[in-house]
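Chemist: Sharing a structure below in C-alpha cells format, with a few things to ask.
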Amino acid sequence: MKVSDFDYVLPEELIAQEPLPERDRSRLLVLDRRTGTYWDRYFYQLPEEIAPGSVLVLNNTRVFPARLFGKRKGFTGHVEVLLLRRREGTRWEA
Numbered sequence: 062m063k064v065s066d067f068d069y070v071l072p073e074e075l076i077a078q079e080p081l082p083e084r085d086r087s088r089l090l091v092l093d094r095r096t097g098t099y100w101d102r103y104f105y106q107l108p109e110e111i112a113p114g115s116v117l118v119l120n121n122t123r124v125f126p127a128r129l130f131g132k133r134k135g136f137t138g139h140v141e142v143l144l145l146r147r148r149e150g151t152r153w154e155a
C-alpha cells in the first residue's frame, strides 16, 4: 500500500468552513465493511447505525490554529509547519 493510494480530488467548495447551526444536521457517510456498500445519513441518525455491543470511541481533541507556511531559501518547494503546543519560552512542539 502506498500513501498515494489515498490521494483524491476534493473541490474547495465542498469543504465546510464552519459548523452548521444545528450540529446534528451534519452529514455522515456510513460504510458496511462486509459488503462495501455505503450511504448518506445525518449525525442525528448515528444511534440507528450502532449495533448493540459496539464500542464507540469519542475524540474531543481541539486543533490549535497555528499553521505556518513558508519557503526555504535556495529551494523551490514550500514548507508547512503546524504548531501543536507551546513547550517553554519560544519552544514549540511541531
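Per the working numbering, residue 62 is the first one in the sequence shown, and the count goes up by one each step.
Each residue gets a CB set at the ideal place from its N, CA and C atoms; glycine is no exception.
What you are looking at is a predicted structure, and each value in this text was computed from that prediction instead of being measured.
Nearest-angstrom Cα distance between Pro82 and Arg146?
Modeler: 29 Å
Chemist: Using the three-state DSSP reduction, which class does Thr86 fall into: helix, strand or coil?
Modeler: One point to set straight first is that residue 86 is Arg, not Thr, in the sequence displayed. Arg86: helix per DSSP, three-state reduction.
Chemist: Can the beta-carbon of Thr98 be found less than 9 Å from the beta-carbon of Leu92?
Modeler: yes
Chemist: Helix, strand or coil for Leu144? Go by DSSP, reduced to three states.
Modeler: DSSP places Leu144 in the coil class of the three-state scheme, outside both helix and strand.
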